[in-house]
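Q: The structure under discussion is supplied below as structure tokens; questions concerning it will follow.
If you want it as structure tokens, here you go:
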């Protein structure tokens with residue numbers, strides 16, 4: 207799963223030469239053998255490395271604060287999202303919904319690699335949501351639909367249908 | 110211990126004992142004093158009761174009404190108590206909804222079905238203290254005969270249906286006394302669920318209501334629901350009769366299961382067994398073959414389905430229609446949808462009070478429909494669902510969640526709560542459904558939906574004995590069991606079609622309720638056989 211994400215990320219970044227990854231441990235943590243030094247371990251680390259390799263530092267955040275926020279979201283993706291249970295899903299979606307109430311992107315007002323990786327991570331949750339739930343977490347759905355249509359991001363994932371109009375009124379059970 | 114010490118101890122004991130004894134004596138004395146006081150008070154009260162009750166003849170519990178006499182007395186209805194009757198002395202019979210004493214007065218609320226009025230017994234020259242006390246002690250739900258004068262009030266009484274008047278009671282008699290402990294309180298039974306939780310006041314859960322149905326049916330909400338239901342039946346009959354339909358009665362004890370053997374009740378029939386009819390399907394069709402042309406029937410339907418859902422009952426009232434048509438089964442659809450629209454209009458125009466009463470406890474959006482009724486093809490419905498992200502095959506049946514989702518999509522797109530889905534796949538319909546003439550995968554069958562839930566399943570029926578036999582064989586049905594059914598088509602049968610609706614489900618969905626047991630007077634489900 208993580209390997210496919212990394213190859214999609216490479217395609218988005220326009221990196222000509224795809225890297226060879228291996229995995230480590232039962233959690234299949236991705237590993238990138240680096241010619242110049244020790245191997246890079248972990249999805250977030252490798253993603254940041256790829257962004258630097260592609261010379262697109264703005265994708266990591268334009269200000270110091272935004273860079274920190276991007277790192278936080280990458281952490282969140284790997285620690286909270288990847289191993290969440292069914293009960294966690296509701297909490298995660300509720301928190302994300304609240305956070306995205308007044309934001310277009312996760313960090314600053316720009317598209318960053320945080321958006322990409324959280325999108326990849328949350329995709330399996332969104333696929334299983336009923337229309338009514340998607341309406342309930344309206345900010346998450348809005349952000350998700352925006353990211354999945356962002357040129358070059360989606361690649362290996364099937365699109366999730368998002369309806370334009372609300373079909374459940376506030377009084378609906 | 111030394112002797113002295115022992116002695117000392119005994120002395121102490123003795124002192125302690127006498128102290129105890131003294132205390133005991135004191136207590137007993139106090140008790141006796143209190144008792145004497147009470148006695149004195151009682152005797153004093155009794156004296157006053159005997160002395161001052163000048164109103165003895167104006168209240169009490171008379172002998173049970175065993176038709177001893179024919180009283181030429183007019184009883185006024187609570188709903189007719191208006192300022193026009195001000196200062197008139199009237200008699201009425203109603204239930205005591207509440208009674209509350211306040212010093213020298215007792216306030217009662219007297220109720221008749223959905224109407225109630227405030228009444229007052231006050232100590233004065235017409236009523237004695239004992240009479241007021243009697244009124245305050247009448248148990249809730251007791252039936253009373255009251256003679257009172259109607260008085261106008263300056264301030265509207267918000268809590269009653271008759272807001273502009275109140276009754277000043279001159280005489281009050283208990284015709285039928287209710288037991289003091291009611292299994293449920295009517296105010297609780299009518300309280301909306303949310304309000305109960307918020308304010309910490311009780312609501313009554315559905316099982317309790319159903320166990321004590323007689324009392325639950327007295328609430329304003331229940332009265333409104335079943336009056337509306339009566340209206341549905343009436344409108345159904347009147348509309349169809351005006352269209353030239355004939356009402357028929359079909360047998361409910363039958364020899365073979367009509368819709369498939371799984372969900373049928375078996376009864377012992379003398380030396381053999383019989384079944385309770387799952388639908389009047391077969392007999393409706395036989396009537397058409399018997400030249401009745403257009404028929405309808407209203408009667409019980411028995412389904413032994415072990416489903417404990419919000420919309421299934423084991424016994425419900427079926428409103429069934431069957432008619433011969435000229436060239437196209439859409440004539441049947443148009444007739445049925447027009448009947449439904451007439452019913453909706455009739456309810457909207459004549460039963461607004463009932464609808465509002467139900468909405469007070471169960472808020473919902475008003476029912477919307479289009480004229481002419483919206484008709485979508487099955488393939489269109491599937492396309493709408495696919496657009497919303499649902500994955501399903503062309504010939505798949507609609508699952509309940511998908512039906513509901515489609516209902517929401519249709520509501521959002523066309524603004525209607527009522528629509529028809531036409532041309533279902535043949536594979537998911539019963540054996541007697543006429544296949545589509547051009548595409549063998551589809552059939553001339555349709556479902557109708559209210560608020561996203563199915564209320565009617567219908568189709569053009571196969572009126573050719575040979576084709577019917579072929580389809581039955583294809584569905585692996587024992588031809589012997591349906592021999593008399595197939596025979597009815599052998600001697601000339603017109604093309605025909607129809608459908609059936611469930612009365613309880615239609616009422617539930619029209620009012621926007623969530624459980625079919627609310628619209629069934631004495632519901633039957635796998636877990637309930639009484640009352």
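Protein chains in written order, with my numbering: chain Y, 207 to 379; chain E, 110 to 640. Where a beta carbon is used, it is the ideal one built from N, C-alpha and C, also for glycine.
1. Determine whether the Cβ of residue 347/Y lies closer than 9 Å to any Cβ atom of chain E.
2. Against chain E, with Cβ distances strictly below 9 Å, would residue 270/Y count as a contact?
3. For the stretch 506 to 534 of chain E, list every residue whose C-beta sits within 8 Å of some C-beta in chain Y, in sequence order.
4. Quick test of the definition: if touching needs 3 or more C-beta pairs under 8 Å, does the stretch 527 to 537 of chain E touch the stretch 555 to 564 of chain E?
5. Which residues share a DSSP beta bridge with residue 229/Y?
6. Starting from the beta carbon of residue 344/Y, find every residue of chain E whose beta carbon is closer than 9 Å, and list them in chain order.
7. At what residues does the beta strand (DSSP E) containing residue 528/E begin and finish?
8. Rounded C-beta distance between residue 287/Y and residue 327/Y? I'm assuming under 8 Å.
9. Anything in the stretch 241 to 259 of chain Y with a Cβ closer than 8 Å to a Cβ of chain E? List those residues in chain order, please.
10. Identify which residue in 635/E, 131/E, 507/E, 149/E has its Cα closest to the Cα of residue 422/E.
11. If you follow the beta strand (DSSP E) that residue 280/Y is part of, which residue opens it and which one closes it?
12. What residue does the alpha helix (DSSP H) around residue 239/E start on, and which one ends it?
13. Of the residues 412/E, 297/E, 448/E, which one's Cα is nearest the Cα of residue 350/E?
14. Give me the chain E residues within the contact set of residue 374/Y, using Cβ-Cβ distance strictly less than 8 Å, ordered along the chain.
15. Which chain Y residues are close to residue 91/E, counting only those with a beta carbon under 9 Å from its beta carbon?
16. Indicate whether residue 404/E and residue 345/E have their beta-carbon atoms separated by less than 9 Å.
17. Apart from the five residues on each side of it in sequence, which residues of its chain come closer than 7 Å, Cβ to Cβ, to residue 375/E?
18. If we ignore side chains and look at the alpha-carbon of each, how far apart do residue 630/E and residue 326/E end up?
19. Going by the beta-carbon positions, is the gap between residue 605/E and residue 431/E smaller than 9 Å?
20. Is any beta-carbon of chain Y found at less than 9 Å from that of residue 256/E?
21. Kindly list the residues whose CB is nearer than 7 Å to the CB of residue 480/E, restricted to its own chain and excluding five residues on each side of it in sequence; keep chain order.
22. Can you tell me the Cα-Cα spacing of residue 296/Y and residue 334/E, whole angstroms?
23. Can you find a C-beta in chain Y that's less than 9 Å from the C-beta of residue 562/E?
24. Quick check on DSSP: helix, strand or coil for residue 556/E?
25. What are the start and end residues of the beta strand (DSSP E) that includes residue 409/E?
26. Using C-beta distances below 6 Å, list every residue in its chain close to residue 278/E, excluding the 5 sequence neighbours before and after it, in chain order.
27. Hey, how far is the Cα of residue 127/E from the Cα of residue 286/E?
28. Between the alpha carbons of residue 707/E and residue 231/Y, how many angstroms are there, rounded?
29. So with Cβ pairs under 9 Å, would you call residue 263/E a contact of chain Y?
30. Could you say if the stretch 491 to 500 of chain E and the stretch 341 to 350 of chain Y meet the contact criterion of at least three C-beta pairs nearer than 8 Å?
31. Taking only the alpha-carbon atoms, compute the straight-line gap between residue 215/Y and residue 503/E and give it to the nearest angstrom.
32. With the cut-off set at 9 Å, would you say residue 250/E and residue 295/E are in Cβ contact?
33. Keeping to the same chain, check which residues put their C-beta closer than 8 Å to that of residue 379/Y; ignore five residues upstream and five downstream.
34. Touch check for the stretch 303 to 322 of chain Y and the stretch 272 to 292 of chain Y: three-plus C-beta pairs under 8 Å?
35. When the distance is taken between beta carbons, is residue 456/E closer than 9 Å to residue 337/E?
A: According to the structure shown:
1. no
2. no
3. 510, 514, 517, 518, 520, 521
4. yes
5. 236/Y
6. Neighbours of residue 344/Y on chain E: none; closest Cβ ~15 Å, over 9 Å.
7. 527 to 531
8. 4 Å
9. none
10. 635/E
11. Here residue 280/Y belongs to no beta strand (DSSP E); instead the alpha helix (DSSP H) covers 270 to 282.
12. 238 to 245
13. 448/E
14. 517
15. This structure does not reach residue 91/E, given that chain E is present from 110 up to 640, and the question cannot be answered.
16. no
17. 382, 384
18. 8 Å
19. yes
20. no
21. 450
22. 38 Å
23. no
24. strand
25. 403 to 411
26. 228, 230, 255, 257
27. 56 Å
28. Only positions 110 to 640 of chain E appear in the structure, and residue 707/E is not among them; the question remains open.
29. no
30. no
31. 37 Å
32. yes
33. Note that residue 379/Y scores a pLDDT of 47, beneath 50, so its modelled location is shaky and nothing firm can be said.
34. yes
35. yes
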